[in-house]
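Residue numbers (the working numbering), protein chains in the order written: chain A, 35 to 336; chain B, 35 to 336; chain C, 35 to 336; chain D, 35 to 336.
Quick reminder that beta carbons are idealized off the backbone N, C-alpha and C, glycines included.
Note that the structure is predicted; figures quoted are calculated from it, not measured.
There are 4 protein chains.
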Amino acid sequence: MAEQDDLKPWQWSEATWRAIVNKVRGGKTLLPERWKDGARCAVALSFDSDHETGELRHGGKSFGKMSQGEYGARSGIKRILRLLDRHAVPASFFQPAVSALLHPQEVKSVVAAGHELAIHSWIHEFNSTLGYEAERDLNFRAADVLEKISGKRAVGMRTASWDFSPHTLRIIREMGLLYDSSLMADDDPYELLEDGKPTGVVELPVEWIRDDAIYFNMDRMASLRPYTAPDAVFDIFRRELEVAHAEGGLYVLTMHPHVIGHRSRIWILEEIVKMAKALPGTWIATHADIAAYCAAMAGLKR
Amino acid sequence: MAEQDDLKPWQWSEATWRAIVNKVRGGKTLLPERWKDGARCAVALSFDSDHETGELRHGGKSFGKMSQGEYGARSGIKRILRLLDRHAVPASFFQPAVSALLHPQEVKSVVAAGHELAIHSWIHEFNSTLGYEAERDLNFRAADVLEKISGKRAVGMRTASWDFSPHTLRIIREMGLLYDSSLMADDDPYELLEDGKPTGVVELPVEWIRDDAIYFNMDRMASLRPYTAPDAVFDIFRRELEVAHAEGGLYVLTMHPHVIGHRSRIWILEEIVKMAKALPGTWIATHADIAAYCAAMAGLKR
Amino acid sequence: MAEQDDLKPWQWSEATWRAIVNKVRGGKTLLPERWKDGARCAVALSFDSDHETGELRHGGKSFGKMSQGEYGARSGIKRILRLLDRHAVPASFFQPAVSALLHPQEVKSVVAAGHELAIHSWIHEFNSTLGYEAERDLNFRAADVLEKISGKRAVGMRTASWDFSPHTLRIIREMGLLYDSSLMADDDPYELLEDGKPTGVVELPVEWIRDDAIYFNMDRMASLRPYTAPDAVFDIFRRELEVAHAEGGLYVLTMHPHVIGHRSRIWILEEIVKMAKALPGTWIATHADIAAYCAAMAGLKR
Amino acid sequence: MAEQDDLKPWQWSEATWRAIVNKVRGGKTLLPERWKDGARCAVALSFDSDHETGELRHGGKSFGKMSQGEYGARSGIKRILRLLDRHAVPASFFQPAVSALLHPQEVKSVVAAGHELAIHSWIHEFNSTLGYEAERDLNFRAADVLEKISGKRAVGMRTASWDFSPHTLRIIREMGLLYDSSLMADDDPYELLEDGKPTGVVELPVEWIRDDAIYFNMDRMASLRPYTAPDAVFDIFRRELEVAHAEGGLYVLTMHPHVIGHRSRIWILEEIVKMAKALPGTWIATHADIAAYCAAMAGLKR
């Protein structure tokens, strides 16, 4: 893909843009005929427990921003775990290794409560700024850290900031992971293709639409403000869930303890959980369970 | 216009700023006395099927953003075509050539359903960064690609990002197009003037106000977030339609399969379609049919 | 003020920051005991008729942006003038000289309808980037242009983008103007001080809060989007008016033909006008009439 | 921490990122079993009286921005003081020294009304751009200025822009302050740790969520706009208060005279005050009184 860098995109040959598009692309759908035990719809709640790494990855220069992340570990995660326990629903927690090392008791209590722990980078680094070697090394080490603390090997990954590099899919395969949850080509699960060839890796697609942080983040320097009213965020999350249910599809919701965990926002999660439980035939499960079910139904081979 | 570059705008001579303003400007209105078959108002629904080109034009570096566009082709377009079919309304699809080459079956199904296919750049490049030769070459090649896949020569163009260069109008005329749909000087159709002279080219004006992407786009790096609630976006689209109907004017709505096609947003399109059908005397038609009607009523000469 | 540039603000001497603050500052209030004819509250509606100059001042490189401004002259201004006429209320129009030269018929119809025409820069240039000589020359020439077209000498000024330079007040005084309407230190009228001394110039204060453009502007490159719902903008304008009435104060509202003039927004102006007329004892007047009344009541000397 | 600068965060040793995180961190909770006189919840209203310093700290180049801040001193503060007096509730005012020197009568009237005056930098400078010596000197001088004008030594500090540097906590201790109110690791009060060791300093945590400026600020150059409707801001402040009350916690609200003091926003403060008074068992107090109570209950040692 040397041409990619020398020419402007409108000067590229067809081979060039086709190669880029084919590098990582959606393959066959993995939406099952019926969800587990005849359920009509699947709901996957996830929490990216970034905590202090959201600022550390930028160099850790602001103690204000560090304390914003610290809130996740100190206050947010507790409200979330109590809520999930009260409603008896499982969820998936994606945690950077450094965040896990800073909060090992949190990791243990998440796993002890029956939730899934999955890979989410080393220190919330941007994959696209690393080379293959560095990205591979950081992810393998992250998997080891999570296993050491939790006693269980993670089967899935979510890239930090959903920054999926040209090397990410190769590394996922080398790690033998069951699924990724960072891409957005569909609402429902699908198989990832690498250079046009099936990989056996399940994609459980995310979308910024179903992410608490984009509506609520505050970043003095980046001109980001929490301009959207909590009511409006709930309305969006609700609409996505209702149509997922009507279509018999998958609903993946991404949240962050230091974002959704606040007093004025935690009700959104509670209402979504209540709705999911009230909608007939909804299977609320971890990413790992949903990915395994889809892979089995489709006879996927890794 | 050498003076344009050497001096600050407040130092320009009157000849300079008059020449700039006159380069491309609105001429006589093409709003007909009565719309087709005595209709009171015309509604033109359009979809810019950019898909992966939204990211390819920036170099194709992010697979996350690529998958966001891929969603348009994989999920969004299907919901849209089903909806248009259910309500039996025609629409216009503006598609970059590279997007059409990546999704030829989509193009064929759009045309087979009776919708219009029209020109929308080569790879969603910014016209204002090209010279005359490059812009001309890309647009002619784009027209050829669309014709080869669809079997029909396009009669209209919408510039990518509505980035209308000093050369665009000249190229539109050289291509013999009936209409453009990229400028915003009116709500209703008008004739374009080039250097103060009538061109016979119909402008079907757009506006960011009636564009789904500006409210809903998410761009990590550009500090863009989907801050506006779907309800509020519907409210804006609805108000524009109601006044267009009250005035007996034209209503052009621009959407994108990877934006409006999402589960929490597709209802907006459905409600607008229902409203348009419920308002008495509304003619819902393709851009091509509306432009041809206006040109005929006004006796426009190209 | 040499120290101002050599040192960091926290290193400045008291004399330095006091001199900066005193350069242009609010003096005594000009809020009269009673408004004209015993009215309880004064309402000043204003329109900044920038049209194409919003883009020309940046070099006039985008025909899309030029057409956005052109909309003001072609469509927006007509809806506004009809509305003001229907409700028989006067308003003030601030127009850059280049905009007036491009649209002399508009200027004449504004004045013929009994509205005020006032100074609003040459080509919407930023004053703070000019020196004293250039700013002075552009403003005197702008006043001449407006007088030549309208037959009347303007008595007030609003700086473009409310960019009030260290020289603006001196120039206002040299021009012998009655009032400025660009600063924000109060809701109610006040006298401007220059270097701590009374100037006799009336300030009719504006605020971004009461400006349509900040909620509705769309600028691809500056990450500005019309994120706020029209309902919310009306709600803000309404609250400002209600409290102005309750306090017996002044209400200055700033709008733009190419912003408020759109089909989905013009209702906001209509509702505000209706409210203002319905609130007991409201005096709706031009900036010039209000400033003259305040100056007379306070016995202001220029 | 030399490694911090030479390496990328993902290359840091564990010792490096642990040292950064431990520099300033939350220690034991200072949430008392019961609030004063058996109250169920504590409410701390605060106003950052920045006025002109918001622009002075950037060099004082814009008189428009200067007048935006001037509004706080001229109009906003008066509405706020009247409102607090009408409802007989105390509050804390954090004021930069330069702002206090510009408005000594305001400072005196704030203190005379029984409110707390506390430290808020010299001229609203960013601490993280200063070295230890400069930050220390500015804060000691700021404390002296406030004492000289008000006759009372301040016992607490809020950093300007909540920009807490690596030196801030050390300086707070050298100043012998009771509390800081700039960090965000919890909703409820906690003890600050420095390099992992208890400091005896009380943190009364703030959050951007409970800050009027982030929703309402307007900055032409920084692409910041007041996009959020006042109703939505009230809804957020209300939700935070309701859950604080339900949890028996602390509610810290940060406002600015030039922001909340406007006609269309002051009602938000009034409604929050009414709610706080109506919720059973709410203790509305100054930051100083709340911090002293928490420190006493926990037997904190400085």
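In chain order, what residues of the same chain have a beta carbon less than 7 Å from the beta carbon of proline 264 of chain A, not counting five sequence neighbours either side?
Here residue 264 of chain A refers to the residue found at position 230 of the first sequence. Result list for proline 264 of chain A: Ser298, Arg299, Ile302, in chain order.
Using the beta-carbon of each residue, which ones in chain A are nearer than 7 Å to glutamate 274 of chain D?
Numbered from 1 along the fourth sequence, position 240 holds the residue referred to as residue 274 of chain D. Simply Arg297, Ser298.
Contacts that lysine 95 of chain C makes with chain B (C-beta to C-beta distance below 8 Å)
Position 61 of the third sequence, counted from the start, is the residue given in the question as residue 95 of chain C. Ser162, listed in chain order.
Using 8 Å as the limit for Cβ to Cβ distance, is proline 232 of chain C near chain B?
For the purposes of this step, residue 232 of chain C is identified with residue 198 of the third sequence, where counting begins at 1. No, proline 232 of chain C does not count as interfacial toward chain B.
Buried or exposed for aspartate 119 of chain B, please, with buried defined as at least 16 other CB atoms from any protein chain shown within 10 angstroms of its CB.
Counted from its first residue, the second sequence places residue 119 of chain B at position 85. The residue in question, aspartate 119 of chain B, is exposed, as its Cβ has fewer than 16 Cβ neighbours within 10 Å.
Compare the beta carbon distance of valine 123 of chain D and leucine 79 of chain D with 8 Å and say whether it is the shorter of the two.
In the fourth sequence, the residue the question calls residue 123 of chain D occupies position 89. In the fourth sequence, the residue the question calls residue 79 of chain D occupies position 45. Going by C-beta atoms, valine 123 of chain D is nearer than 8 Å to leucine 79 of chain D.
Going by DSSP, which residues form a beta bridge with leucine 313 of chain D?
Here the question's residue 313 of chain D lines up with position 279 in the fourth sequence. Note: leucine 313 of chain D sits in no beta bridge, so no partner.
Could you check whether the Cβ of lysine 337 of chain B sits closer than 8 Å to any Cβ belonging to chain C?
The question about residue 337 of chain B has no answer here: the residues shown for chain B are numbered 35 through 336.
My understanding is that threonine 202 of chain C touches asparagine 251 of chain C, with C-beta atoms under 8 Å, so please give their C-beta distance in whole angstroms.
Along the third sequence, one-based indexing puts residue 202 of chain C at 168. Along the third sequence, one-based indexing puts residue 251 of chain C at 217. Not a contact, Cβ separation roughly 23 Å.
Considering threonine 50 of chain C, what are the terminal residues of the alpha helix (DSSP H) in which it resides?
Along the third sequence, one-based indexing puts residue 50 of chain C at 16. Looking at the DSSP string, the run of the alpha helix (DSSP H) that includes threonine 50 of chain C is 48 to 57.
Consider the Cβ of leucine 180 of chain B: report whether some Cβ of chain A lies at a distance smaller than 8 Å.
In the second sequence, the residue the question calls residue 180 of chain B occupies position 146. With 8 Å as the cut-off, leucine 180 of chain B does not count as an interface residue toward chain A.
Are the region 91 to 107 of chain D and the region 47 to 58 of chain C touching by the rule of at least three beta carbon pairs closer than 8 Å?
yes
Judging by CA-CA distance, which residue of B/Pro232, B/Gly230, B/Leu258, B/Asp269 is the nearest neighbour of arginine 244 of chain B?
Taking the second sequence and counting its residues from 1, the one referred to as residue 244 of chain B is at position 210. Nearest of B/Pro232, B/Gly230, B/Leu258, B/Asp269 to arginine 244 of chain B, Cα basis: B/Asp269.
Can you list the residues of chain D that aspartate 265 of chain A reaches, using a CB-CB cut of under 8 Å?
Within the first sequence, numbered from 1, the residue matching residue 265 of chain A stands at position 231. What aspartate 265 of chain A touches in chain D: Ala266, Asp269.
Serine 215 of chain C, buried or exposed, once every other Cβ within 10 Å from all chains shown has been counted against 16
Taking the third sequence and counting its residues from 1, one reaches residue 215 of chain C at position 181. Per the 10 Å Cβ criterion, buried.
Among the candidates D/Ala319, D/His121, D/His85, whose CA atom is the shortest distance from the CA of alanine 194 of chain D?
Stepping through the fourth sequence from its first residue, residue 194 of chain D is reached at position 160. The shortest CA-to-CA distance from alanine 194 of chain D to any of D/Ala319, D/His121, D/His85 is the one to D/His85.
Run of the beta strand (DSSP E) containing serine 195 of chain C, from where it starts to where it stops
Numbered from its first residue, the third sequence carries residue 195 of chain C at position 161. From DSSP, serine 195 of chain C is part of no beta strand (DSSP E); its letter is neither H nor E.
Between threonine 288 of chain A and aspartate 82 of chain A, what straight-line distance do the alpha-carbon atoms span, to the nearest angstrom?
Taking the first sequence and counting its residues from 1, the one referred to as residue 288 of chain A is at position 254. Taking the first sequence and counting its residues from 1, the one referred to as residue 82 of chain A is at position 48. Spanning the two alpha carbons is a distance of roughly 7 Å.
Check the DSSP bridge columns for glutamate 225 of chain B and list the partner residues they point to.
Sequence index remark: in the second sequence, residue 225 of chain B carries index 191 (1-based). The partner list for glutamate 225 of chain B (beta bridge, DSSP) reads B/Val236.
Segment limits, alpha helix (DSSP H) that includes isoleucine 153 of chain D
Within the fourth sequence, residue 153 of chain D is the residue found at index 119, counting from 1. Not the alpha helix (DSSP H): isoleucine 153 of chain D falls in the beta strand (DSSP E), residues 150 to 153.
Give the residues of chain B in contact with aspartate 220 of chain A, contact being defined as C-beta atoms less than 7 Å apart.
Position 186 of the first sequence, counted from the first residue, corresponds to residue 220 of chain A. Correct list: Tyr105, Arg108, Ser109.
Mind listing the chain B neighbours of tyrosine 327 of chain A? Cutoff is C-beta to C-beta under 8 Å, in chain order.
Position 293 of the first sequence, counted from the first residue, corresponds to residue 327 of chain A. Those within 8 Å of tyrosine 327 of chain A in chain B number zero; the least Cβ separation is about 21 Å.
Is the Cβ of phenylalanine 198 of chain C closer than 8 Å to any Cβ of chain D?
Counting from one through the third sequence, the residue named residue 198 of chain C turns up at place 164. So yes, phenylalanine 198 of chain C belongs to the interface.
On a CA-only basis, which of A/His279, A/Glu228, A/Tyr261, A/Val179 is nearest histidine 11 of chain A? Give me that one, please.
In the structure as shown, chain A begins at 35 and stops at 336. Residue 11 of chain A is therefore absent and cannot be evaluated.
For alanine 78 of chain D, does the three-state DSSP call read helix, strand or coil?
Within the fourth sequence, the letter at position 44 stands for residue 78 of chain D. Three-state DSSP puts alanine 78 of chain D in a strand.
Using a Cβ-Cβ cut-off of 6 Å (strictly less than) and excluding sequence neighbours within five positions of alanine 131 of chain C, which residues of its own chain qualify?
Indexing the third sequence from 1 puts residue 131 of chain C at position 97. Result list for alanine 131 of chain C: Trp156, Ala176, Val179, in chain order.
Listing by chain order, which chain A residues have their CB less than 8 Å from the CB of glycine 60 of chain D?
Position 26 of the fourth sequence holds residue 60 of chain D. What glycine 60 of chain D touches in chain A: Ser101, Glu104, Arg108.
Measure the C-alpha to C-alpha separation of arginine 113 of chain B and tyrosine 105 of chain B and round it to an integer number of angstroms.
Counting from 1 along the second sequence, the entry for residue 113 of chain B is found at position 79. Counting from 1 along the second sequence, the entry for residue 105 of chain B is found at position 71. Rounded to whole angstroms, arginine 113 of chain B to tyrosine 105 of chain B spans 11 Å at the Cα level.
Under a three-way DSSP split, which group does methionine 331 of chain C fall into?
Looking up residue 331 of chain C in the third sequence gives position 297. Note: methionine 331 of chain C maps to helix in three-state DSSP.
Residues sharing a beta bridge with isoleucine 318 of chain D, DSSP
Locating residue 318 of chain D in the fourth sequence gives position 284, counting from the first residue. In the DSSP output, where bridge partners are listed per residue, isoleucine 318 of chain D has D/Val77.
Cβ-based neighbour list, tryptophan 317 of chain B, same chain, cut-off 6 Å, excluding 5 preceding and 5 following
Here residue 317 of chain B refers to the residue found at position 283 when the second sequence is read from its first residue. So the qualifying residues of the chain are Trp69, Lys70, Ala73, Ala76.
Does the beta carbon of glycine 88 of chain B sit closer than 8 Å to a beta carbon anywhere in chain A?
As a first step, residue 88 of chain B is located in the second sequence; it is residue number 54 there, counting from the start. No, glycine 88 of chain B does not count as interfacial toward chain A.
Contact set between tryptophan 301 of chain B and chain E, taken where Cβ atoms lie within less than 9 Å
Judged by its chain identifiers, the structure shown contains no chain E, and its protein chains are A, B, C and D.
Counterpart residues of valine 286 of chain D in DSSP-defined beta bridges
Start at 1 with the first residue of the fourth sequence, and residue 286 of chain D comes out as number 252. Bridge partners of valine 286 of chain D: D/Ala78.
Of all the options D/Leu90, D/Gly283, D/Ala53, D/Trp44, which has the alpha carbon lying nearest to the alpha carbon of glycine 230 of chain D?
Position 196 of the fourth sequence, counted from the start, is the residue given in the question as residue 230 of chain D. Glycine 230 of chain D has its Cα closest to that of D/Ala53, out of D/Leu90, D/Gly283, D/Ala53, D/Trp44.
Does alanine 256 of chain D come within less than 8 Å of chain A when only Cβ atoms are used?
One-based indexing of the fourth sequence puts residue 256 of chain D at position 222. Yes - at least one Cβ of chain A is within 8 Å of the one on alanine 256 of chain D.
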